[in-house]
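Quick notes on the structure that follows.
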Amino acid sequence: MIKIENMHKVYSMGDNDVRALNGVSLHIKPNEFIAIVGPSGSGKSTLMNMIGCLDAPTSGKYYIDNMEVSTLKDDALADIRNKKIGFIFQGFNLLNKLTAIENVELPLIYRGISKSERYRLSQLALDRVGLGDRTHHRPNELSGGQQQRVAIARALSTSPPIILADEPTGALDSKSGTEIMKMLHEIHEAGNTIVLITHDNDIAKQADRIVRMHDGEIVFDSEVEAR
Amino acid sequence: MNYSQAIKMSIKSIMGNKMRSLLTMLGIIIGVAAVIIMISLVQGSTKSILSRLESMGTNMISVTLTGQKSNKVLTMKEMQALVDKNPSLLSAVAPTINSNVTIKVGTENAKTSLIGTNDAYSTILNTKVQAGGRFMSAMDVQERRNVAMIGSYIAKLTYPDTSPIGKEIKIEGQIFTIIGILEVKSTSTAGSTDDRVMIPYTTATRLIKNSSVRSFSFQAYNTEVSDKTLAVLNTYLKKELKSEDAYRVFNQADLLETVSEMTGVMTAMLGGIAGISLLVGGIGIMNIMLVSVTERTREIGIRKAIGARRKSILIQFLIESIVVSCMGGIIGVIVGMLGTWGIGNLIKISATPSFGTILLAGGFSIAVGVFFGLYPANKASKLNPIEALRFE
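Chains as they are written, first to last, in my numbering: chain X, -1 to 225; chain B, 7 to 398.
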């Protein structure tokens, strides 16, 4: 599913270079539930940006479904994000001017899907996260947990194989957080590959596999240990 | 992403910020309205000036004797001989004697201007009498009859209740019979071209002391020969009067051309000045769009993360600025039409915006929207999604 080989990412900050990723190799199989953990500055956010095709690596290879994406240009990366990856962010990142269903529709618009089909798929996704009766509410009329569920519906609406969740429970109370994690498990059971980025070990333990990052390198991989 | 979706999105975001959108549009509204009003008013006044000039006769060439550097006086007889000698170039000549006179009807006194001329004046200077009367005839001129045609203002003044035809009028103490009322040429008020009396020039030379014909109006055979006619006239006058300072030749066709040229330049100039305000309006759009791009950096980041291509973002912002400028343009056209009508009524010019003017102003406003929207839209489309998502 996802194959990263010897990936480096160097940010130049004035005179000195910051090595955010320093030779990272990572293979993620289809339908895996993997947690990437590490303190801030460990490079886990950079790794997430790479996996999410939001940024291009300085060197190294990145394959999704055996297709090399590390050399693709902006627009091709946008298409990959649209087709292969569903994003769930810590701060929800919904558009406050749009209603719940309009938010969910957005990725379908960029995919060029017809209006009626868009509506059907969005309604389906909102039903799946239990917000079928909140379709015309705006984000500021919803609770944090509900907003995150709208964000999940948005990620699911295009049925991408990979769900990339960046601290999905970080901005929520523990009850809502538990709900969201339960939902991620359900999505995992439905066949999606889940990549969860977190600094919370308790959350990370719920994953099938834990990858720990430190100073731009993978220092611990639970699968490796199990071997 | 299709365009109708983008237009819907942009209308939504414009409506979400009504006050700001209106202020942004204001620049375009004023610009478009100014262009339409300026061009329409100049075109309207041009039309009225030209029609007034044309009503004075189009094939007319007038010769004025200045009386300088020459003692010789050319008479009507000599001028008529010139016309007879060149039948393919000149078709008629009318002399003009201008003077100010006092008229009297009953006990009513008034000052007015007098024109002494002949029967050819009617065709050459496109001057007719109203129904019920007649223009002076060749016999009237030849026999020095005391007949007069009066302007509509004088008619109103002297015989307000009855028809003045056949009645008497005293000009400088002599009794004249009114044979016709001249057609209304302007406003029928005092001092206008309707405030005058017209009598045979032969009668006028006797009525007014020391008067001689100083001005002749020729009718060229047609407009094609007017250059040749001018040359013949000039040669003749120079030979007779020995000095170019002794006379002045004035060609109506040249005047019409000069007036059209002048007003054309004026249209372009005023339209250009108004166009500058449209340009300023465009800069306003660019300014607001740049602010909007900065404000919505996070939105752009989200859209990019979920798969918006650069082109989609570019189109979204470009359409937003085009929609703003189009709405401004439409409102501007309406304001411009109302303004043209209002100001035209106020300064008494019959002006209607032409279709071309509206198209020009409207099209220019769209072009402004595209041109000034391009930079902010391009800036938005180039944002890095990671940095945009991090933007607070």
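For each residue, glycine too, the CB sits at the ideal point set by N, CA and C.
The structure displayed is predicted, hence computed values, not measured ones.
TODO: Check the Cβ-Cβ distances between Lys24/B and every residue of chain X, and say whether any is below 8 angstroms.
DONE: Looking up residue 24/B in the second sequence gives position 18. Cβ-Cβ to chain X under 8 angstroms: no for Lys24/B.
Task: Local Cβ density within 10 Å of Glu187/X, reported as buried at 16 or more and exposed below that - done: Here residue 187/X corresponds to residue number 189 of the first sequence, with the count starting at 1. By the neighbour-count rule (16 or more Cβ atoms within 10 Å), Glu187/X is not buried but exposed.
- [ ] Helix, strand or coil for Val299/B, going by three-state DSSP, please let me know.
- [x] In the second sequence, residue 299/B corresponds to position 293, counting from 1. Looking at Val299/B - three-state DSSP - the assignment turns out to be helix.
- [ ] Let me know the beta strand (DSSP E) ranges lying completely inside the region 30 to 113 of chain B, each 3 residues or longer, listed in chain order.
- [x] Listed in chain order, they are 66 to 71 and 96 to 111.
Open item on the list: Quick check on the DSSP output: what are the complete beta strand (DSSP E) runs of length 3 or more inside the region 250 to 336 of chain B, in order along the chain?
Closed with: Whole beta strand (DSSP E) segments, 3+ residues: 253 to 257.
Open item on the list: Could you check whether the Cβ of Glu305/B sits closer than 8 angstroms to any Cβ belonging to chain X?
Closed with: Translated into positions along the second sequence, residue 305/B becomes position 299. Chain X contact via Cβ: present.
Open item on the list: Just to confirm my understanding: we take Pro137/X, look at its own chain, exclude 5 residues before and 5 after, and list those with CB closer than 6 angstroms. What are they?
Closed with: Here residue 137/X refers to the residue found at position 139 when the first sequence is read from its first residue. Same-chain partners within the cutoff: Leu92, Asn94 and Gln145.
- [ ] Grab the span of the beta strand (DSSP E) containing Met155/B for me, first residue to last.
- [x] Numbered from its first residue, the second sequence carries residue 155/B at position 149. Looking at the DSSP string, the run of the beta strand (DSSP E) that includes Met155/B is Val153 to Ile156.
- [ ] Could you check which residue in Ile328/B, Met295/B, Ala357/B and Phe224/B has the C-alpha nearest to that of Asn124/B?
- [x] Numbered from 1 along the second sequence, position 118 holds the residue referred to as residue 124/B. For Asn124/B, the nearest C-alpha among the options comes from Phe224/B.
Task: Own chain residues within Cβ distance below 7 angstroms of Ala274/B, not counting five before or after - done: Within the second sequence, the letter at position 268 stands for residue 274/B. Closer than 7 angstroms at Cβ, skipping near neighbours: no residue.
Task: For His212/X: DSSP bridge partner residues - done: In the first sequence, residue 212/X corresponds to position 214, counting from 1. Paired residue(s): Glu215/X.
TODO: Indicate the three-state DSSP secondary structure (helix, strand or coil) for Thr97/X in the structure shown.
DONE: Within the first sequence, residue 97/X is the residue found at index 99, counting from 1. In this structure, Thr97/X counts as coil in the three-state DSSP scheme.
Task: Under the three-state DSSP convention, the category Val8/X falls into - done: Locating residue 8/X in the first sequence gives position 10, counting from the first residue. Of the three classes helix, strand and coil, the one that applies to Val8/X here is strand, per DSSP.
Task: Expected contact under 8 angstroms - CB spacing of Leu59/B and Leu236/B to nearest Å - done: Here the question's residue 59/B lines up with position 53 in the second sequence. Here the question's residue 236/B lines up with position 230 in the second sequence. About 18 angstroms; that fails the 8 angstroms criterion.
- [ ] Determine the DSSP secondary structure at Glu223/X, reduced to helix, strand or coil.
- [x] Residue 223/X sits at position 225 when you count from the first residue of the first sequence. With a pLDDT of 48 at Glu223/X, under the threshold of 50, the predicted position of this residue should be treated as unreliable, though the coordinate-derived value follows. Note: Glu223/X maps to helix in three-state DSSP.
Open item on the list: Assuming contact is defined by CB atoms lying nearer than 8 angstroms, are Tyr217/B and Ser105/B in contact in what I supplied?
Closed with: Numbered from its first residue, the second sequence carries residue 217/B at position 211. Numbered from its first residue, the second sequence carries residue 105/B at position 99. One point to set straight first is that residue 217/B is Ser, not Tyr, in the sequence displayed. Yes, they are a contact pair.
- [ ] Have a look at the DSSP bridge pairing and note the partners of Asp164/X.
- [x] Walking along the first sequence from the start, residue 164/X turns up at place 166. Bridge partners of Asp164/X: Ile195/X.
Task: Distance, Tyr9/B Cα to Ile208/X Cα - done: For this step, residue 208/X is matched to residue 210 along the first sequence. For this step, residue 9/B is matched to residue 3 along the second sequence. Distance between the alpha carbons of Ile208/X and Tyr9/B: 45 angstroms.
Open item on the list: Run through the DSSP bridge pairs and tell me what Tyr61/X is partnered with.
Closed with: Here residue 61/X refers to the residue found at position 63 of the first sequence. Among the bridge pairs identified by DSSP, Tyr61/X is matched with Lys1/X and Glu66/X.
TODO: Counting only the same chain and skipping the five closest in sequence on each side, list residues whose C-beta sits under 8 angstroms from that of Lys385/B.
DONE: The residue you call residue 385/B lines up with position 379 of the second sequence. If we look at Lys385/B and ignore the five residues flanking it on each side, its Cβ neighbours are Leu296 and Val299.
- [ ] Please confirm whether Ala383/B and Leu344/B have their CB atoms less than 8 angstroms apart.
- [x] On the second sequence, position 377 is the one that residue 383/B refers to. On the second sequence, position 338 is the one that residue 344/B refers to. Taking 8 angstroms as the Cβ cut-off, Ala383/B and Leu344/B do not qualify as a contacting pair.
TODO: Starting from Ser274/X, follow the beta strand (DSSP E) in both directions and report where the run begins and ends.
DONE: Past the boundaries of the shown model lies residue 274/X; chain X is included only from -1 to 225, so the question cannot be answered.
Open item on the list: Quick check: is the beta carbon of Ala383/B nearer than 8 angstroms to any beta carbon in chain X?
Closed with: Here residue 383/B corresponds to residue number 377 of the second sequence, with the count starting at 1. Closer than 8 angstroms: no.
Open item on the list: So that I know if they touch, is there some Cβ in chain B lying closer than 8 angstroms to that of Arg118/X?
Closed with: Residue numbering aside, residue 118/X sits at position 120 when the first sequence is read from its first letter. Chain B, which has no Cβ nearer than 8 angstroms to the Cβ of Arg118/X, makes this no.
TODO: Name the one or two DSSP bridge partners that Arg207/X has.
DONE: As a working note, residue 207/X is residue 209 in the first sequence. The partner list for Arg207/X (beta bridge, DSSP) reads Ile32/X.
TODO: Select from Tyr227/B, Ala367/B and Val330/B the residue whose C-alpha is nearest the C-alpha of Val339/B.
DONE: Sequence index remark: in the second sequence, residue 339/B carries index 333 (1-based). Checking every option, the nearest Cα to that of Val339/B belongs to Ala367/B.
Task: CB contact below 8 angstroms: Ala224/X versus chain B - done: Along the first sequence, read from residue 1 onward, the residue named residue 224/X stands at position 226. For Ala224/X, the pLDDT reaches just 45, beneath the cut-off of 50, and the residue's location in the model is therefore unreliable, leaving the point undetermined.
Open item on the list: Can you confirm whether the region 156 to 164 of chain B touches the region 233 to 247 of chain B when touching is taken to mean that 3 or more C-beta pairs between the two stretches lie within less than 8 angstroms?
Closed with: Between the region 233 to 247 of chain B and the region 156 to 164 of chain B, the count of Cβ pairs shorter than 8 angstroms is below three; the stretches do not touch.
Open item on the list: Considering only their Cβ atoms, is the gap separating Ala154/B from Ile121/B smaller than 8 angstroms?
Closed with: Translated into positions along the second sequence, residue 121/B becomes position 115. Translated into positions along the second sequence, residue 154/B becomes position 148. No.
TODO: Taking Thr183/B as part of the beta strand (DSSP E), name the residues at either end of that continuous run.
DONE: Within the second sequence, numbered from 1, the residue matching residue 183/B stands at position 177. Segment Gln180 to Ile187, the beta strand (DSSP E) holding Thr183/B.
- [ ] Can you grab the Cα-Cα spacing for the pair Thr97/X / Gly22/B, in whole Å?
- [x] One-based indexing of the first sequence puts residue 97/X at position 99. One-based indexing of the second sequence puts residue 22/B at position 16. Cα-Cα distance, rounded: 14 angstroms.
Task: DSSP three-state assignment for Asn138/X, whether helix, strand or coil - done: Against the first sequence, residue 138/X aligns to sequence position 140. Note: Asn138/X maps to helix in three-state DSSP.
Open item on the list: With a threshold of 8 angstroms between beta carbons, is Met11/X in contact with chain B?
Closed with: Here residue 11/X refers to the residue found at position 13 of the first sequence. For Met11/X, the answer is no, since every Cβ of chain B falls outside 8 angstroms of its Cβ.
Open item on the list: For the alpha helix (DSSP H) containing Ile392/B, name the first residue and the last one.
Closed with: As a position in the second sequence, residue 392/B is number 386, starting the count at 1. Pro391 to Arg396 is the span of the alpha helix (DSSP H), which, as asked, contains Ile392/B.
Task: Nearest to Lys1/B (by Cα), restricted to the options Pro391/B, Val271/B, Ile364/B and Ser331/B - done: This structure leaves residue 1/B out entirely; chain B is present only between 7 and 398.
Task: Collapsed DSSP secondary structure at Gly50/X in the structure displayed - done: Within the first sequence, the letter at position 52 stands for residue 50/X. Coil, per DSSP.
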